[in-house]
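Below is one structure, written out as structure tokens; the observations come after it.
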């Protein structure tokens, strides 16, 4: 176990919150900050990154309240309207929000070349924030190119979401892997159950080795994906942490993926807690 661990991907919410129209999922349970912090304590995880759930849309108030209550233990990633003003982003940044998330999984085709998107990315760049992208691997080239035209820092969720049980198909992943030399692009090592229906050790080792070899562990960060929406019954926080500890073989890679990459990227310092 590394001396410190950062969970770079988790969600908090209440079932009673207003839900976004057009959502793909609606929870029937609560995932509270108190529950999450208890899990961090139980597993000796120092810090967490709270990512606004897509089913809550652009109302970030619950997450912002959680950031405040976490007393410096968590930072956030918000969801915003693409036409939001610079002042809104400034206000979010002042509340420990480090970036914005685009969850384009199941969203059809979104044209990120449009002026309002490009203006948003320019604001993100100016504020030294980042964009977090969740999209199928087959759509990454369509989305990443217009984001990176603004030279913003980019985090790609969940290994780039290769097709379920076909993660090693070269064509969908080729574009993402070709970007490994771009020092502004980072990958979240998370949510293996969204890639494999029944993860096996050899498949996990192969996937991790591919990304460590291509991007280096300095570009990878582990996330629990708690509370594992739509996979709650078969997955637990401990499963996410244990598979990382078991399958990241080299101590240096383990330290980078479980702590150092996220600490540097989110500017998390030990005395912030």
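In this note's numbering, the protein residues as written are 6 to 278.
Ideal Cβ positions, reconstructed from N, Cα and C, are used throughout, including at glycine.
Original post:
Considering only C-alpha positions, which residue in the set 226, 82, 152 is nearest to residue 115?
Top reply: 152
Subject >> DSSP-derived helix/strand/coil call for residue 223 >> reply: helix
Subject >> Near the ligand PLP: residue 14 beta-carbon under 7 Å from a heavy atom >> reply: The ligand PLP is not among the ligands present in this structure, which contains no ligands whatsoever.
**OP:** Indicate whether the contact test is met: 3 or more Cβ pairs, each with one atom in the region 200–210 and one in the region 140–160, closer than 8 Å.
**Re:** no
Original post:
Using the C-alpha atoms, what's the distance from residue 97 back to residue 249?
Top reply: Rounded to the nearest angstrom, the two C-alpha atoms are 31 Å apart.
**OP:** Select from 145, 95, 94, 86 the residue whose C-alpha is nearest the C-alpha of residue 192.
**Re:** 145
Subject >> Distance between residue 266 and residue 160 (C-alpha atoms, nearest Å) >> reply: 12 Å
Subject >> Identity of the residue in 83, 165, 134 nearest residue 215 by Cα >> reply: 165
Original post:
Is it a yes or a no for the region 51–58 touching the region 243–257, going by three-plus beta-carbon pairs under 8 Å?
Top reply: no
Original post:
Can at least three beta-carbon pairs, one atom from the region 229–245 and one from the region 180–198, be found at a separation below 8 Å?
Top reply: The answer is yes - the region 180–198 touches the region 229–245, with three or more Cβ pairs under 8 Å.
Subject >> Cβ-Cβ separation, residue 220 to residue 179 (assumed contact under 8 Å), whole Å >> reply: Not quite, the Cβ-Cβ distance comes to about 14 Å (not below 8 Å), so this is no contact.
Original post:
Hey, residue 139 and residue 121: beta-carbon distance below 8 Å or not?
Top reply: no
Original post:
Taking residue 189 as the reference, which of 238, 130, 217, 80 has the closest Cα?
Top reply: The closest CA to that of residue 189, considering only 238, 130, 217, 80, is found on 130.
**OP:** Please list, in chain order, all residues of the same chain as residue 74 whose beta carbon is under 7 Å from its beta carbon, the five residues on each side excluded.
**Re:** 38
Original post:
Under 8 Å, do residue 81 and residue 68 count as touching if we go by C-beta distance?
Top reply: yes
Original post:
Is it buried or exposed for residue 30, if we count other Cβ within 10 angstroms and need 16 for buried?
Top reply: exposed
**OP:** Using DSSP bridges, identify the partner residues of residue 83.
**Re:** 105
Subject >> Secondary structure of residue 128, DSSP reduced to three states >> reply: helix
Subject >> Unbroken beta strand (DSSP E) run spanning residue 158, endpoints >> reply: 158–161
**OP:** With a 10 Å radius around its C-beta and 16 neighbouring C-beta atoms as the bar for buried, classify residue 271 as buried or exposed.
**Re:** Classification for residue 271: buried.
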